[in-house]
Structure formats: structure tokens, C-alpha cells
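*Asks:*
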Amino acid sequence: MATEKKPAGRAGKKAVGRPRRLDPETIVATARRIIEEEGVAAVSMRRVAKEVGSTPMALYHYVRDKDELLMLTLSGVAATFPRPALPADPRQRLVDTSVHMHGVLAQLPWVLEILALGDLTDKGALWMAEEILESSIACGLTPEQAVRTYRTIWHFVYGNLVFTAAMARREAEPERRWNFPAILTDEDAKELPRLTELAPQWNKLGEYEVREQLEAIIDGLLSRAQRTRTDGPTHPHRLH
């Protein structure tokens with residue numbers, strides 16, 4: 059008896075299933091995990107696509123480019139931190155908002171890496187910039203001076219957190235040699251007398267409370283702006 063033959067061309071082939079459906083929340087969560095574990099430089103559309111079991115081309119249906127992906131990782135982060143109750147006094151509001159900004163970012167080191175790119179931010183965090191500008195103007199600053207005040211505060215907050223993180227990484231490596239101030243010796247006293255004198259206590263003397271430093275910076279900015287209005291404008295250095 060002749061056996062029935064199976065149609066040619068289909069034997070042994072597995073059925074092809076539908077492509078894996080992507081979930082935008084999964085894409086964003088994956089990108090955030092990569093940033094937290096490896097840093098912003100490790101994030102790429104190709105890398106994220108591989109992690110979620112897809113292709114870069116499929117990812118572009120959900121995210122325009124890497125910048126948009128990074129923006130999405132930031133989106134909503136600020137809202138997870140409740141806004142502080144701010145006082146009526148504009149100078150104190152300026153201080154409290156700046157301290158709050160520092161405190162939030164201190165808990166989110168991965169966010170600093172994204173903010174370092176320059177123009178990426180969480181829209182939900184812009185209330186802090188608005189508050190600093192409004193409080194600065196309420197203290198008597200011009201809009202131009204208020205923007206410079208905000209940028210100066212931001213540079214302190216960002217710089218402090220980046221430096222603190224770098225110091226923490228160094229302290230995690232006990233065998234690593236500290237070059238400064240160890241490089242200073244008694245022979246340097248003639249050319250660098252003050253540094254040589256203070257070197258043994260450098261780290262101790264450099265300790266400070268963030269609030270106190272922000273108050274000093276803000277008071278200096280406010281008083282300088284008041285002097286400028288009295289004595290006339292000075293030629294400013296451009297702040298980036």
C-alpha cells in the first residue's frame with residue numbers, strides 16, 4: 059500500500075510565532091537598570107533591545123532615540139519625592155529649595171549622570187528651578203541675576219555630589235594611594251606655605267554642612283546683586 063506523502067516544503071519547519079510585544083515600561087526600566095549598574099555610557103538602543111529580547115528597529119517604534127529614552131528614565135522620578143513645606147520668607151525659600159534639590163539628587167546618583175549631558179531633565183523637577191528663580195526675584199534680584207543665581211546654586215549642588223561620589227569610590231579602595239595632600243612635603247613650605255601648613259588637617263578642615271555652604275553662597279549672591287544695583291553693573295563671566 060502506498061503511503062500518503064506530506065506536502066513538500068513544510069516538513070520539519072517550526073511555526074513562526076508573533077514577534078515579542080514590547081512594553082514601554084519594560085524598555086524604560088531596562089534602560090534605568092543599565093544606567094544604575096553600568097552608567098549612561100553603557101546605554102544604547104542596541105543594548106536595550108538585546109536586553110528586552112527585541113531588535114533596535116522594533117525599539118524605534120516606541121522611542122525616537124537615546125536622548126528620548128534617557129528623558130523617559132527621568133520622567134516621574136522627582137514626583138516620588140514629596141515637596142517640602144516652604145516658608146514665606148523668600149531668602150529662606152531659596153535656601154530650603156536648594157537644600158531639597160541636593161538631598162533628592164544625593165539619593166539618585168544615576169540621575170546625575172544623565173543631567174551631566176546638559177539639556178535632559180525631568181519636567182516634574184522644574185518646580186525647583188521655578189522656585190529658585192521666583193524667590194531670587196522676590197529678594198530683589200533682576201531676572202538676569204536670578205538666572206545666574208540658579209546656575210551658581212546648581213553648579214555647587216552638582217559639583218558637590220559628583221566630588222562626594224568620587225571620594226566614596228576612593229575610600230572603597232583602601233589600598234589606593236591618596237596623591238593629595240600626600241604629595242606635599244616640608245620642602246614645599248617655601249613656595250606653598252599655607253597648603254603645607256594645612257595639609258595634615260586638610261580633610262578635617264574641608265568638612266562642611268551643605269545647608270551652611272548654600273546659605274553662604276546665596277547670601278553672597280544676594281548681597282553682590284544689591285551692591286551691583288547701587289554701584290553699577292559689572293562685566294559678567296558667562297555661566298554655562
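If you read the sequence shown in our numbering, its first letter stands for residue 59, the second for the next number, and so on. From the three backbone atoms N, C-alpha and C, an ideal C-beta is built for every residue, glycine too. Please read all numbers here as calculations on a predicted model, not as lab measurements.
Three or more beta-carbon pairs under 8 Å between the region 126-139 and the region 159-173, yes or no?
*Replies:* The region 126-139, when compared against the region 159-173, does touch it at the 8 Å Cβ threshold.
*Asks:* Where are the alpha helix (DSSP H) runs, 4 residues long or more, that stay fully inside the region 88-148, in chain order?
*Replies:* DSSP runs (the alpha helix (DSSP H)) wholly in the region 88-148: 103-109, 114-117, 124-132.
*Asks:* Where V110 and E202 are concerned, what is the direct C-alpha to C-alpha distance, given to the nearest angstrom?
*Replies:* As a position in the sequence shown, residue 110 is number 52, starting the count at 1. As a position in the sequence shown, residue 202 is number 144, starting the count at 1. C-alpha separation (whole angstroms): 46 Å.
*Asks:* By a C-beta neighbour count over all protein chains shown, 10 Å radius and 16 as the cutoff for buried, is A69 buried or exposed?
*Replies:* Residue numbering aside, residue 69 sits at position 11 when the sequence shown is read from its first letter. Low confidence applies to A69: its pLDDT is 49, below 50, so where it sits in the model is not reliable, and the reading given next is rough at best. Result: exposed.
*Asks:* What I want to know is whether the C-beta of L178 ends up closer than 7 Å to one or more non-hydrogen atoms of the ligand COA.
*Replies:* This structure does not include the ligand COA; it has no bound ligands of any sort.
*Asks:* With a threshold of 6 Å on Cβ separation, who are the neighbours of P82 within its own chain once the five nearest residues in sequence on each side are excluded?
*Replies:* Along the sequence shown, read from residue 1 onward, the residue named residue 82 stands at position 24. Taken in chain order, the residues that qualify are Y120.
*Asks:* Mind listing, in chain order, the continuous alpha helix (DSSP H) runs of no fewer than 4 residues lying wholly within the region 148-215?
*Replies:* Entirely contained in the region 148-215, the alpha helix (DSSP H) runs reaching 4 residues are, in chain order, 148-164, 167-173, 184-196.
*Asks:* Determine the direct distance from the alpha carbon of Y118 to that of A73, and round the result to whole angstroms.
*Replies:* By 1-based counting over the sequence shown, the position of residue 73 is 15. By 1-based counting over the sequence shown, the position of residue 118 is 60. In this prediction, A73 scores a pLDDT of 47, lower than 50, which makes its location untrustworthy; no coordinate-derived value is stated.
*Asks:* With DSSP run on the structure shown, which of helix, strand or coil describes F221?
*Replies:* Locating residue 221 in the sequence shown gives position 163, where the first residue counts as 1. F221 falls in the helix class under three-state DSSP.
*Asks:* Can you tell me whether DSSP reads N261 as helix, strand or coil?
*Replies:* Sequence index remark: in the sequence shown, residue 261 carries index 203 (1-based). Correct three-state label for N261: helix.
*Asks:* Nearest-angstrom Cα distance between Q271 and R206?
*Replies:* For the purposes of this step, residue 271 is taken as the residue at position 213 of the sequence shown. For the purposes of this step, residue 206 is taken as the residue at position 148 of the sequence shown. Rounded to whole angstroms, Q271 to R206 spans 17 Å at the Cα level.
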